[in-house]
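Q: Quick one: structure below, then a few questions.
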Amino acid sequence: MRKFFLNIFFLIILLAIPLESFANQKKLIIAHRGASGYLPEHTLEGAALAFAMGSDFLELDVVMTKDGHLIVMHDLTLNATTNVEEIFPDRSDINGNYFSMEFTLDEVRKLRVNERLKKNGSSQVFQARFPNEYSLFKVPTLEEILKLLIGLKKSHGRIMGLYIEIKGFATHQKYNLNPVDKLLVILDRYDYREASDPIWIQSFDSEVLITMRQKYKTKLRLTQLIGENRWGLSDTDFNYLKTYKGLKEISVYANGIGPWIKQVVSGKNISGDLKFTEIVRRAHELNLKVHPYTFRADKFPSYFDSFDHLLHIFFNELKVDGIFTDFPDQVFKFVEKGKK
Ligand code: G3P
Ligand code: CA
């Protein structure tokens, strides 16, 4: 009898804990540009593989075409990941750049996606990844990705969330294009509206996020990506954002931060111990989730012994809330192993 009452007691306690708090504790596996360690980044095929590998979220970057469509593409130019030079040899600017905003969606649909090429176009950035002689893939629109995820939810029963980055807001403005406006309209049409919906929006540009929160009054969860000022991404001052004061400011408009690996573990000290920065502790103190980028099994700082060592430090020691990875299957295996 005593056991029966004890069980009832534990059941009541369990029911009293909001489901959200369980969900919040889950370490998110965010497939960076799809399962990009295995298939070219930002393709429908790479997104489907990321789903099959157990990813919780699909990370994608969006830019706009001349006729106002959001396409899934990391760079503002089409050079590094498509065969645009072959299909449109006369359409580059004087510097050889093919900006997506100079092309209509119909034109973009004529392109094939390849593995990312080095800046001089000589070879693949990641030599051991999908071979470029088999460029079988197309540039997807954001809506095509949304349809894929809805379809997979119906056929498989699980929804993979979206983690969307708006790229190059200032450059779009020069073309009279507004990716923020367009993104929120599309998301609303597909019922992404609430903080509880399976979606995060991210940007390196703090003005983009502040505008989304204050002007557009979005309730969606927002992540402030943190880069380095020397990368020249926007006017955002990352040196300031990394301070406690800066993080506090972020906590007013965003729900999380996305630092890169070296902003969290900066190297080793002379005794050979890893040097942790304060960024995770400070962010957690301010109730901000921490989703660092980018975890690649084929490229990580040399002060980690292995990919699993890197994952162990971030998940088990630093207790980050999720990570962006090109290798969602390896992270999935690591997380599952930890549950045993
Ligand atoms: O969005 C997280 C990470 O993707 C940021 O870097 O250059 O891959 O967009 P990047
Ligand atoms: Ca990104």
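Going by this note's numbering, the sequence shown runs without a break in its numbering and finishes at 344. Note that CB positions come from ideal geometry on N, CA and C, so glycine has one too.
What is the residue span of the beta strand (DSSP E) that Asp65 lies within?
A: Phe61 to Met68 is the span of the beta strand (DSSP E), which, as asked, contains Asp65.
Q: Could you pull out every unbroken beta strand (DSSP E) segment of at least 3 residues lying fully inside the segment 193-246, listed in chain order?
A: Counting whole runs of 3 or more residues, the segment 193-246 contains the beta strand (DSSP E) stretches 203-207 and 225-229.
Q: Quick check: what's the CA-CA separation for Thr108 versus Met77?
A: 14 Å
Q: May I ask you to report which of helix, strand or coil DSSP gives Gly342?
A: helix
Q: I need the DSSP call for Tyr257, collapsed to helix, strand or coil.
A: If DSSP states are grouped into helix, strand and coil, Tyr257 belongs with the helices.
Q: Quick one: measure Cβ to Cβ for Leu213 and Asn259, integer angstroms, because I've assumed they're closer than 8 Å.
A: In fact, because the Cβ distance is near 10 Å, the residues do not count as touching under 8 Å.
Q: What does DSSP give as the partner residue(s) for Ala39 in the beta ladder?
A: DSSP lists no partner for Ala39.
Q: Name all residues in chain order for which at least one heavy atom of ligand 2 lies closer than 5 Å to the residue's CB.
A: Asp65 and Glu169
Q: Which residue or residues does DSSP assign as beta-bridge partners of Thr81?
A: Phe103
Q: Mark Lys346 as exposed unless 16 or more other C-beta atoms lie within 10 angstroms of its C-beta, in which case mark it buried.
A: Outside the displayed span of the chain (5 to 344) sits residue 346, for which this structure offers no information.
Q: What are the residues that DSSP puts in a beta bridge with Gln128?
A: Paired residue(s): Leu121.
Q: With 16 other CB atoms within 10 Å as the buried threshold, where does Tyr244 fall?
A: exposed
Q: Check whether the Cβ atoms of Phe308 and Val335 sit closer than 8 Å, and answer yes or no.
A: no
Q: Does DSSP classify Phe328 as helix, strand or coil?
A: strand
Q: Less than 7 Å separating the Cβ of Thr175 from some heavy atom of ligand 1?
A: no
Q: Given that a residue counts as buried once 16 or more other Cβ atoms are within 10 Å of its Cβ, and exposed if not, what is Pro44?
A: buried
Q: Between the Cα of Val66 and those of Ser270, Glu90, Asn83 and Ser104, spot the shortest distance and give me the residue it belongs to.
A: Ser104
Q: Could you please give me the residues that DSSP links to Glu169 through a beta bridge?
A: DSSP lists Asp65 and Gln206 as partners of Glu169.
Q: For Glu147 and Arg197, what's the separation of their Cα atoms in angstroms?
A: 16 Å
Q: Taking its Cβ as the centre, do 16 or more other Cβ atoms sit within 10 Å of Lys246, making it buried, or is it exposed?
A: Buried, because 16 or more other Cβ atoms sit within 10 Å of the Cβ of Lys246.
Q: On the three-state DSSP scale, how would you describe Phe308?
A: coil
Q: Rounded to whole angstroms, what is the Cα-Cα separation between Ser306 and Asp330?
A: 18 Å
Q: Consider the C-beta atom of Thr69 and the heavy atoms of ligand 1; say whether any pair is separated by less than 7 Å.
A: no
Q: Over what stretch of residues does the alpha helix (DSSP H) that includes Val143 continue unbroken?
A: It is not in any alpha helix (DSSP H) - Val143 carries neither H nor E in the DSSP assignment.
Q: At what residues does the beta strand (DSSP E) containing Gly271 begin and finish?
A: Here the beta strand (DSSP E) through Gly271 covers Val269 to Lys272.
Q: Which of the three DSSP states, helix, strand or coil, is assigned to Tyr179?
A: coil
Q: According to DSSP, is Phe299 helix, strand or coil?
A: strand
Q: Starting from Thr86, follow its DSSP beta bridges and name the residues at the other end.
A: Val117
Q: Secondary structure at Ala287, three-state DSSP: helix, strand or coil?
A: Taken through DSSP and simplified to helix, strand or coil, Ala287 comes out as helix.
Q: So, does the segment 121-134 touch the segment 150-166, judging by three or more C-beta pairs under 8 Å?
A: The answer is no - the segment 150-166 does not touch the segment 121-134, with fewer than three Cβ pairs under 8 Å.
Q: Helix, strand or coil for Leu292, going by three-state DSSP, please let me know.
A: coil
Q: Is it true that the CB of Leu187 sits closer than 8 Å to the CB of Leu80?
A: no
Q: Specify the secondary structure class of Gly262 as computed by DSSP and reduced to three states.
A: strand
Q: What's the C-alpha gap between Met164 and Ser59?
A: Rounded to whole angstroms, Met164 and Ser59 show a C-alpha spacing of 7 Å.
Q: Do you know how far the Cα of Leu251 is from the Cα of Arg286?
A: 8 Å
Q: Within its chain, find whatever has a CB closer than 8 Å to the CB of Ala52; leave out the 5 residues flanking it on each side and keep chain order.
A: Leu152 and Leu156
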